[in-house]
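**Q**
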Amino acid sequence: MVSGPSRGVRARRLPTAVKIVIAGGFGVGKTTMVGTVSETRPLRTEELLTDQSIGVDDIAGVERKSTTTVAMDFGRITMRDEYVLYLFGTPGQERFWFMWDEVALGALGAVVLADTRRLSDCFPSVDYFERRGTPFVVAVNCFEGAQRYDLQEIQMALNLGPKVPVMLCDARRVESCKKVLIDLVLHAMKFRGLTEEPAEPQKA
Ligand SMILES: Nc1nc2c(ncn2[C@@H]2O[C@H](COP(=O)(O)OP(=O)(O)OP(=O)(O)O)[C@@H](O)[C@H]2O)c(=O)[nH]1
Ligand SMILES: [Mg+2]
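Each residue of the sequence shown is one higher than the one before, starting from 34 at the first, in this note's numbering.
#1: Which word fits Gly37, buried or exposed, when buried means at least 16 other C-beta atoms lie within 10 angstroms of its C-beta?
#2: Using three-state DSSP, classify Arg106 as helix, strand or coil.
#3: Where does Val51 land, buried or exposed, given buried means 16+ other C-beta within 10 angstroms?
#4: Assuming contact is defined by CB atoms lying nearer than 8 Å, are Gly57 and Leu146 in contact in what I supplied?
#5: Can you tell me the Cα-Cα spacing of Ile55 and Val159, whole angstroms?
#6: Return the chain-ordered list of same chain residues with a C-beta closer than 8 Å to the C-beta of Ile110, the five sequence neighbours on each side being excluded.
#7: Compute every distance between the C-beta of Gln126 and the non-hydrogen atoms of ligand 1, then say whether any falls below 7 Å.
#8: Let me make sure I understand the geometry here. Which of Val207, Val67 and Leu82 has the alpha-carbon closest to that of Ile53?
#9: Which of helix, strand or coil does DSSP assign to Tyr161?
#10: Across which residues does DSSP place Met112 in a beta bridge pair?
#11: Expressed to the nearest angstrom, what Euclidean distance is found between the alpha-carbon atoms of Arg150 and Thr83?
#12: Could you have a look at Glu127 and say whether DSSP puts it in helix, strand or coil?
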């Protein structure tokens with residue numbers, strides 16, 4: 034969905050339709066984030082957690098969780114009346130990771146959600162986007178009772194490069210989620226050498 038520049042245009046501009054992936058470990062708040070910011074009724078593919086989940090999926094800290102995403106979440110948000118972000122949430126359970134390639138195809142960038150109580154759960158997402166060369170930010174979803182750490186400590190614990198933005202967020206609050214998405218878009222634009230400047234027509 035990241036389209037290239039049109040003919041006769043020198044600068045590479047941010048396309049008006051942008052695909053963004055919301056990734057992270059099991060139960061970290063991906064579906065919540067997509068639902069919080071989507072201006073349309075979000076598409077969800079939730080199924081009840083079954084007994085087969087016991088001993089496989091760690092629900093420590095989210096004990097009231099009764100469903101899980103089995104395919105993807107989908108939502109949409111318009112920014113500055115100009116850009117439409119299409120949000121694709123990944124499934125968190127390891128047995129559905131084969132879906133990630135489909136969900137991530139053509140994305141401008143990704144939000145990797147993290148929970149400091151289970152920080153290692155976001156390693157696979159970090160590895161995945163690093164390997165694909167997809168720009169991403171790490172957003173720590175601040176659950177009540179979770180210990181707070183300096184952003185620098187989290188950056189070190191995840192072994193992130195210095196240029197990967199790390200931020201705190203609350204997946205249930207619209208403004209907090211919007212801020213994460215804006216930071217991601219700015220980071221991804223810089224990473225990909227895109228500009229918002231009006232593109233000048235090329236001289237013949
Ligand atoms: N306290 C608190 N609870 C949250 C927050 N974000 C999500 N939750 C709750 O945490 C649980 C998990 O949220 P989901 O949005 O389903 O997580 P997910 O990452 O989509 O989960 P999977 O798709 O199963 O991997 C739900 O019960 C949410 O209500 C948060 O910021 N604070
Ligand atoms: Mg989900």
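All C-beta atoms in this analysis are idealised placements derived from N, C-alpha and C, irrespective of residue type, glycine included.
No experiment lies behind these values; they were computed from the predicted model shown.
**A** According to the structure shown:
#1: Indexing the sequence shown from 1 puts residue 37 at position 4. Per-residue confidence for Gly37 stands at a pLDDT of 48, beneath the threshold of 50, marking its modelled position as unreliable; the derived number appears in the next sentence. Exposed, because fewer than 16 other Cβ atoms sit within 10 Å of the Cβ of Gly37.
#2: Along the sequence shown, read from residue 1 onward, the residue named residue 106 stands at position 73. One detail in the question is off: residue 106 reads as Asp in this sequence, not Arg. Of the three classes helix, strand and coil, the one that applies to Asp106 here is strand, per DSSP.
#3: On the sequence shown, residue 51 is found 18 positions in, with the first residue counted as 1. Label assigned to Val51: buried.
#4: For the purposes of this step, residue 57 is identified with residue 24 of the sequence shown, where counting begins at 1. For the purposes of this step, residue 146 is identified with residue 113 of the sequence shown, where counting begins at 1. It is a contact, given that the beta carbons lie within the stated cut-off.
#5: Against the sequence shown, residue 55 aligns to sequence position 22. Against the sequence shown, residue 159 aligns to sequence position 126. About 12 Å.
#6: Looking up residue 110 in the sequence shown gives position 77. The answer, listed in chain order, is Val70, Ser71, Glu72, Val117, Leu118, Leu120, Lys211 and Leu214.
#7: As a first step, residue 126 must be located in the sequence shown, where it is residue number 93. Because some heavy atom of ligand 1 lies under 7 Å away, the Cβ of Gln126 counts as near it: yes.
#8: Numbered from 1 along the sequence shown, position 20 holds the residue referred to as residue 53. Nearest option by C-alpha distance: Val67.
#9: Here residue 161 is taken as the residue at index 128 of the sequence shown, counted from 1. Correct three-state label for Tyr161: helix.
#10: Taking the first residue of the sequence shown as position 1, residue 112 is located at position 79. DSSP, once it has assigned bridges, lists Tyr116 as partnering Met112.
#11: Reading the sequence shown from its first residue, position 117 is the one you call residue 150. Reading the sequence shown from its first residue, position 50 is the one you call residue 83. The alpha-carbon atoms of Arg150 and Thr83 are separated by roughly 23 Å.
#12: Here residue 127 refers to the residue found at position 94 of the sequence shown. Annotated three-state conformation of Glu127 is helix, per DSSP.
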